[in-house]
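**Student:**
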Amino acid sequence: MFAQKYERINSTTATLTALSMLIFWILFSLSILHIQNNFLIIVPITFLIIAVLTIENWHQKKIHKLEEAFTDISSEYEENIQEQESTWKWGCYYNPNDLRIFVPKRFASMGWTINIGRPIGKVLYFGTIALVFVVIIFLAYGGTKDYEIELEGPEMMIDATMYDISIEKEQINTVSIINQLPNGIRTNGYGGVNKSFGHFTFDKYGNCMLYVYNNVNQYVVIDLKGSNPNYIIINDKTMEETETLYQAINSWLSE
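Numbering (this note's numbering), first residue to last: 8 to 262.
Next up, the structure:
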């Protein structure tokens with residue numbers, strides 16, 4: 008009976024973890040495919056962290072209750088159980104006296120965890136958490152930082168978080184202005200509520216570098232020589248400013 012219930016808890020934990028991963032990848036894929044309103048990319052990351060910690064905590068409590076229910080706990084056994092429970096913190100193994108960095112998880116077929124009782128284990132564990140926060144900060148920063156477009160000498164420079172680009176006058180075929188983007192997907196870039204930038208692929212245009220404010224339905228399309236990218240598509244905070252930008256680029260090209 009004990010073994011059956013123990014295995015049932017492990018199986019349930021494995022199923023919940025797999026389901027959480029499935030939901031995470033569905034949400035993450037949707038955030039990548041959609042061009043606009045994708046600041047919610049934070050949602051799948053937050054969901055996965057909360058889900059894994061919750062499942063791990065639930066598993067530990069269920070196993071502990073099962074051990075208490077099926078064992079005549081003597082004072083010696085009680086001390087042993089407390090000692091065992093104290094070696095697990097925040098869903099990770101904690102034992103400074105164990106030289107291992109990676110140890111098997113408490114339930115079968117669920118991979119490995121980190122021994123955060125060791126210095127290297129602490130670095131890996133808290134480093135991973137720090138990395139997640141860096142990603143979140145990057146997303147927040149990318150959503151608030153304005154694009155900077157400079158027309159200086161023979162070069163046009165566009166400054167955007169991690170997706171800067173610089174082109175020469177001689178690389179430009181034509182410059183046009185449109186009021187609607189064709190269907191497209193983001194292949195490597197940022198898609199937020201207010202802004203979208205990075206590598207995108209659009210019907211008719213192919214590979215593009217995009218730097219747009221999502222609530223402005225006017226775009227300057229720069230047709231480039233070559234295919235990496237084929238086009239640069241930009242706009243400004245308002246339609247009036249976008250029109251001014253379009254005129255400025257044409258004036259720069261004619262210099």
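For glycine and all other residues, C-beta sits at the position ideal for the given N, C-alpha and C.
Taking C-beta to C-beta, are Gly128 and Asn104 nearer than 9 angstroms?
**Tutor:** For the purposes of this step, residue 128 is identified with residue 121 of the sequence shown, where counting begins at 1. For the purposes of this step, residue 104 is identified with residue 97 of the sequence shown, where counting begins at 1. Not closer than 9 angstroms, so no.
**Student:** Does any residue of chain D have a CB that is nearer than 9 angstroms to the CB of Ile256?
**Tutor:** Looking at the structure shown, chain D is missing, and only one protein chain is on hand.
**Student:** Classify Asn222 as buried or exposed, calling it buried when 16 or more other Cβ atoms lie within 10 Å of its own Cβ.
**Tutor:** As a position in the sequence shown, residue 222 is number 215, starting the count at 1. Counting Cβ neighbours within 10 Å, Asn222 comes out exposed, since fewer than 16 surround it.
**Student:** Would you decide whether Gly233 is buried or exposed? Buried here means 16 or more other CB atoms lie within 10 Å of its CB.
**Tutor:** Taking the sequence shown and counting its residues from 1, the one referred to as residue 233 is at position 226. Flag for Gly233 reads exposed.
**Student:** Find the nearest neighbour of Asn257 within the set Ile30, Ile229, Gly196, judged by alpha-carbon distance.
**Tutor:** Residue mapping note: residue 257 aligns to position 250 of the sequence shown, counting from 1. Residue Ile229 is the option with its Cα nearest to Asn257.
**Student:** Per DSSP, what kind of secondary structure is Trp119 in: helix, strand or coil?
**Tutor:** The count along the sequence shown starts at 1 and reaches residue 119 at position 112. The answer is strand: DSSP assigns Trp119 an E or B state.
**Student:** Buried or exposed, going by whether 16 or more other CB atoms sit within 10 Å of the CB of Gln225?
**Tutor:** Taking the sequence shown and counting its residues from 1, the one referred to as residue 225 is at position 218. Classification of Gln225: buried, given that the 10 Å Cβ count is 16 or more.
**Student:** Can you tell me whether DSSP reads Ile240 as helix, strand or coil?
**Tutor:** Counting from one through the sequence shown, the residue named residue 240 turns up at place 233. It is a strand residue.
**Student:** CB-CB under 6 angstroms to Ser82, same chain, minus the five flanking residues each way: which ones, in chain order?
**Tutor:** In the sequence shown, residue 82 corresponds to position 75, counting from 1. Since pLDDT at Ser82 reaches only 48, below the 50 mark, its modelled position is unreliable, and the value read off the structure follows with that caveat. Excluding residues within five positions, none has a Cβ falling inside 6 angstroms.
**Student:** Rounded to the nearest angstrom, what separates Ile241 and Ile174 at their Cα positions?
**Tutor:** For the purposes of this step, residue 241 is taken as residue 234 along the sequence shown, with counting starting at 1. For the purposes of this step, residue 174 is taken as residue 167 along the sequence shown, with counting starting at 1. Distance between the alpha carbons of Ile241 and Ile174 is about 14 angstroms.
**Student:** For the beta strand (DSSP E) containing Asn180, name the first residue and the last one.
**Tutor:** Here residue 180 refers to the residue found at position 173 when the sequence shown is read from its first residue. Per DSSP, Asn180 belongs to the beta strand (DSSP E) from 179-185.
**Student:** Just the C-alpha distance for Glu63 and Glu75, rounded to the nearest angstrom, thanks.
**Tutor:** In the sequence shown, residue 63 corresponds to position 56, counting from 1. In the sequence shown, residue 75 corresponds to position 68, counting from 1. Computed Cα separation, rounded: 19 angstroms.
**Student:** Can you name the residues that DSSP bridges to Glu162?
**Tutor:** For this step, residue 162 is matched to residue 155 along the sequence shown. DSSP lists Glu159, Glu175 as partners of Glu162.
**Student:** Would you decide whether Ile286 is buried or exposed? Buried here means 16 or more other CB atoms lie within 10 Å of its CB.
**Tutor:** For the chain, the structure presents residues 8 to 262; residue 286 sits outside this window and is missing.
**Student:** If Gln178 sits next to Leu217, beta carbons under 8 angstroms apart, how far is it from one beta carbon to the other, in whole angstroms?
**Tutor:** Locating residue 178 in the sequence shown gives position 171, counting from the first residue. Locating residue 217 in the sequence shown gives position 210, counting from the first residue. That belief does not hold up - the Cβ atoms of Gln178 and Leu217 are roughly 17 angstroms apart, past 8 angstroms.
**Student:** Count the other C-beta atoms from every protein chain shown that fall within 10 angstroms of the C-beta of Arg15, then say buried if there are 16 or more, exposed otherwise.
**Tutor:** Taking the sequence shown and counting its residues from 1, the one referred to as residue 15 is at position 8. Arg15 should be labelled exposed.
**Student:** So the candidates are His66, Asp210, Leu26; which of them puts its Cα closest to the Cα of Pro189?
**Tutor:** On the sequence shown, residue 189 is found 182 positions in, with the first residue counted as 1. For the residues His66, Asp210, Leu26, the minimum Cα distance to Pro189 belongs to Asp210.
**Student:** Taking the alpha helix (DSSP H) that Tyr253 falls in, what are its first and last residues?
**Tutor:** Position 246 of the sequence shown, counted from the start, is the residue given in the question as residue 253. Element bounds for Tyr253: 246-261.
**Student:** Go ahead and label Ile239 buried or exposed: buried means 16 or more other beta carbons lie within 10 angstroms of its beta carbon, across all protein chains shown.
**Tutor:** Residue mapping note: residue 239 aligns to position 232 of the sequence shown, counting from 1. That one is buried.
**Student:** Can you find the residues in the same chain that come closer than 8 angstroms, C-beta to C-beta, to Phe140, ignoring five residues on each side of it along the sequence?
**Tutor:** Translated into positions along the sequence shown, residue 140 becomes position 133. The answer is none, since no qualifying residue turns up.
**Student:** Please look up how many angstroms separate the CB atoms of Val142 and Ile52, rounded, as I've assumed it's under 8 angstroms.
**Tutor:** Taking the sequence shown and counting its residues from 1, the one referred to as residue 142 is at position 135. Taking the sequence shown and counting its residues from 1, the one referred to as residue 52 is at position 45. Rounded, the Cβ-Cβ distance is 7 angstroms, consistent with contact.
**Student:** Considering only residues of the same chain and omitting the five flanking positions on each side of Leu158, which have a CB-CB separation below 6 angstroms?
**Tutor:** In the sequence shown, counting from the first residue as 1, residue 158 sits at position 151. The residues are Trp259.
**Student:** Can you tell me which of the three DSSP states Ile229 falls into?
**Tutor:** Position 222 of the sequence shown, counting from 1, holds the residue named residue 229. Correct three-state label for Ile229: strand.
**Student:** Within the same chain, show all residues whose beta-carbon is closer than 7 angstroms to that of Lys244, passing over the 5 residues directly before and after it, in chain order.
**Tutor:** What you label residue 244 is simply residue 237 of the sequence shown in a count that begins at 1. Excluding residues within five positions, the ones whose Cβ falls inside 7 angstroms are Tyr220, Val223.
**Student:** With distances taken between CB atoms, is the gap from Phe204 to Tyr170 smaller than 9 angstroms?
**Tutor:** Residue numbering aside, residue 204 sits at position 197 when the sequence shown is read from its first letter. Residue numbering aside, residue 170 sits at position 163 when the sequence shown is read from its first letter. Going by C-beta atoms, Phe204 is nearer than 9 angstroms to Tyr170.
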